[in-house]
Amino acid sequence: MRLRALLRTDGLGLRLLGGEDELDRTVRGVMTTDLRDPSRYLSGGELVLTGLAWRHDPADSEPFVRILAAAGVSALAAGEAELGSVPEDLVEACARHRLPLLAVNESVAFATITEHVVRRVSGERAGDLAAVVDRHRRMMTAGPAGGGPEVVLDLLGSDLDLRAWVLSPTGRRVAGPRDQEPLSHETASRLAADGLAAVRAGRRRPVRTTVDGEAYALFPIRSAPSGTSRGPAVADWLLAVRADAADWPEERLDLLDGVTQLIAVERDRREAARTVRRRLAGEVLELVQSGAAPAEIAARLRVAAPVLLPGLGAAPHWQVVVATAEGPGAGGGQAAQALLEEILVAPDAPGPEPADRIAVARLGEEAVALVPLPSVAADGAPTGEEADGEAPGLVAEELLDAVRLPLSAGLGDGDRITLGVSAAVHSAEGLRGALEEARHARRVAAARPGSVCAAGHQELASHVLLLPFVPDDVRRAFTARLLDPLRDYDRRHRAELVPTLEAFLDSDGSWTRCAARLHLHVNTLRYRVGRIEQLTGRDLSRLEDKLDFFLALRMS
99 MRLRALLRTD GLGLRLLGGE DELDRTVRGV MTTDLRDPSR YLSGGELVLT
149 GLAWRHDPAD SEPFVRILAA AGVSALAAGE AELGSVPEDL VEACARHRLP
199 LLAVNESVAF ATITEHVVRR VSGERAGDLA AVVDRHRRMM TAGPAGGGPE
249 VVLDLLGSDL DLRAWVLSPT GRRVAGPRDQ EPLSHETASR LAADGLAAVR
299 AGRRRPVRTT VDGEAYALFP IRSAPSGTSR GPAVADWLLA VRADAADWPE
349 ERLDLLDGVT QLIAVERDRR EAARTVRRRL AGEVLELVQS GAAPAEIAAR
399 LRVAAPVLLP GLGAAPHWQV VVATAEGPGA GGGQAAQALL EEILVAPDAP
449 GPEPADRIAV ARLGEEAVAL VPLPSVAADG APTGEEADGE APGLVAEELL
499 DAVRLPLSAG LGDGDRITLG VSAAVHSAEG LRGALEEARH ARRVAAARPG
549 SVCAAGHQEL ASHVLLLPFV PDDVRRAFTA RLLDPLRDYD RRHRAELVPT
599 LEAFLDSDGS WTRCAARLHL HVNTLRYRVG RIEQLTGRDL SRLEDKLDFF
649 LALRMS
């Protein structure tokens with residue numbers, strides 16, 4: 099449909115603010131977003147609806163519009179409910195980039211516009227199919243009368259007798275019909291694998307497959323018009339319909355494509371809701387990475403804990419998980435972030451809530467999760483292994499057991515996902531070492547064959563197994579280079595740098611525990627560690643240097 103026709107539609111509450119010369123543009127889809135950078139979800143030809151929540155000051159308009167123009171969207175429609183009127187800086191930015199700008203009256207819901215565009219783009223339908231699309235508006239309605247993907251899936255079941263499920267790329271069941279038996283994880287995993295493999299191979303929709311004798315039609319859920327592809331498919335949701343679509347008319351295929359667009363809007367909304375958790379995790383990890391004082395990190399953790407661990411008590415233990423998605427089609431840090439959020443959720447945990455309790459930040463091309471391990475439940479009672487004094491924790495290989503099949507199917511030649519898991523740490527002091535430990539474990543995983551690999555902190559101790567096979571002259575040279583400067587200093591000054599080093603490593607780099615063990619003031623310990631670093635040129639906050647000292651002490 100043309101923008102000009104959209105403007106003439108009564109009841110949509112659209113008013114042209116700029117771009118009169120561009121009204122012959124074709125609208126091929128619709129997307130609702132309040133992300134600062136929605137480029138991953140754009141493919142070109144969309145009408146982009148926004149409530150302007152991304153705009154904090156006038157300088158934000160230019161980069162937002164530039165991203166939309168580069169993606170080839172047809173127009174931007176801005177709601178007036180948040181600010182009362184569309185800001186002039188947004189009008190000027192759209193004029194510079196020749197992007198038509200529409201204002202949406204505050205009395206008109208974005209769901210009304212979305213439903214209208216989906217209906218027009220999909221074309222004329224038979225009466226029963228059109229009735230289903232009309233009722234999809236309930237999914238987009240805010241408040242108790244609305245709903246999420248379950249509403250749409252229930253309508254498909256009641257009106258068209260189609261049973262359908264929304265699956266994550268790991269095979270987790272995001273949503274399903276509420277009056278039907280749940281889809282087994284084994285079936286969901288195989289469907290996700292078939293869907294991702296088909297998208298990677300460029301097969302046209304719907305993807306037809308059979309699992310345990312049942313026929314399914316698979317539709318990728320992307321924030322782009324049907325038939326287009328943008329971004330790493332390995333991170334996308336999937337609509338799985340239990341039916342043989344071989345003889346479906348084009349009208350029914352168009353309807354299911356419209357359903358995927360509506361569900362994509364819901365996914366974008368949930369993606370935006372994770373922004374706060376991601377930002378908080380990112381702030382904590384930036385402090386950890388920059389070597390900030392433990393007290394500053396601890397203070398930030400206290401602020402972040404209620405968001406990262408909603409509804410539970412204190413979190414005296416934390417783990418760090420690092421993941422990367424490497425290769426021409428893997429998607430880089432953005433895909434790694436989305437996938438890690440899914441991997442950290444139990445595969446049999448239904449619905450969106452479990453995934454919404456995970457906070458994953460991006461540090462460059464890495465995705466880094468700061469995982470709180472609660473020791474006290476909401477009722478104050480110890481849970482699980484914690485009753486025996488052990489903190490529960492993530493095990494690297496177990497994280498991948500249930501998701502390796504679909505993720506491997508979605509990766510192309512040369513694409514890899516690698517993951518490293520740290521040990522649990524007891525305080526903010528240990529987080530920097532945990533981050534380095536998780537990174538080192540990920541490098542261990544990257545050295546292994548396979549497209550999806552993980553390694554945990556337990557495997558880092560395997561270096562000790564190699565010590566008996568190191569030649570004596572190599573041992574002597576290695577230990578002399580690291581320890582001789584410390585031994586010489588100890589002899590000359592009657593200091594105790596070598597024992598201090600041993601105690602520091604045995605205490606996992608904890609200043610307080612090491613100082614208590616040596617009966618020293620923490621400032622004295624810091625002076626000694628600083629002298630060790632000065633004499634050796636090493637940094638005891640880095641995992642690699644800690645490991646070298648550990649090996650040198652073991653071989654001496």
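Quick note: the sequence shown uses the working numbering, first residue 99, plus one each step.
Here a beta-carbon is modelled for each residue, glycine too, at the ideal position from N, C-alpha and C.
In the structure shown, T107 adopts coil according to DSSP, grouped into three states. Scanning the segment 498-578 from its first residue to its last, the whole beta strand (DSSP E) runs of 3-plus residues come out as 514-519, 550-554. Measuring C-alpha to C-alpha distances from P185 to each of D334, L150, T285, L641 identifies L150 as the nearest. The beta carbons of A157 and E178 sit no closer together than 8 angstroms. Secondary structure note for W609: its alpha helix (DSSP H) is the uninterrupted segment 609-616. D366 and M129 do touch by the CB rule: their CB atoms are close to 7 angstroms apart, below 8 angstroms. When DSSP reads this structure, Q417 sits in a beta bridge with V469.
Rounded to the nearest angstrom, the Cβ distance from A313 to A341 is 7 angstroms, consistent with a contact under 8 angstroms. Using a 10 angstroms sphere on the CB of Q632, the tally of other CB atoms stays under 16, which defines it as exposed. Looking at the DSSP output, T373 bridges to nothing. In the three-state reduction of the DSSP assignment, E464 falls in the strand class.
With the rule of 3 Cβ pairs closer than 8 angstroms, the segment 107-122 counts as touching the segment 193-207. Closest option to L336, judged by alpha-carbon separation, among A553, D588, L354, G430: L354. L265: member of the beta strand (DSSP E) spanning 261-265, first to last residue.
Contact between L616 and A593 fails: their C-beta atoms lie close to 12 angstroms from each other, not under 8 angstroms. With respect to the 8 angstroms criterion, G607 and G528 are classified as neighbours on the basis of their beta carbons. DSSP places R113 in the strand class (E or B) of the three-state scheme. As DSSP reads the structure, T308 sits in a beta bridge with A313. Of A338, D310, P583, V171, the smallest CA-CA separation from L251 is found for A338.
DSSP places M653 within a helical segment (H, G or I) once states are collapsed to three.
Secondary structure at L147: strand, using DSSP grouped into helix, strand and coil.
Between I630 and L603 the beta-carbon gap is near 11 angstroms, outside 8 angstroms, which marks them as no contact. Going by DSSP, L336 is part of the beta strand (DSSP E) stretching over 335-340.
Short of 8 angstroms from the beta carbon of R640, and not among the five residues preceding or following it, lie these beta carbons of its own chain, in chain order: E534. With contacts defined as CB atoms closer than 8 angstroms, A552 and A494 qualify as a contacting pair. For R271, there is no enclosing alpha helix (DSSP H); the enclosing beta strand (DSSP E) covers residues 271-273.
Looking at the DSSP output, R626 bridges to nothing. Proximity to D259 across S266, R376, P275 peaks at P275, based on C-alpha coordinates.
By DSSP's assignment, T598 forms no beta bridge with any residue. Note: I395 is not bridge-paired with any residue in the DSSP secondary-structure output.
Counting only the Cα atoms, A173 lies some 15 angstroms from S159. Between R530 and V386, the C-beta gap is smaller than 8 angstroms, which places the two residues in contact. DSSP, reduced to helix, strand and coil, places G177 within a strand of the structure shown. In the DSSP assignment, T130 falls within the beta strand (DSSP E) that extends over 127-130.
Cβ neighbours of V189 within its own chain (closer than 7 angstroms, five residues either side excluded): L115, G116, L199.
For P185, the secondary structure class from DSSP, reduced to helix, strand or coil, is coil.
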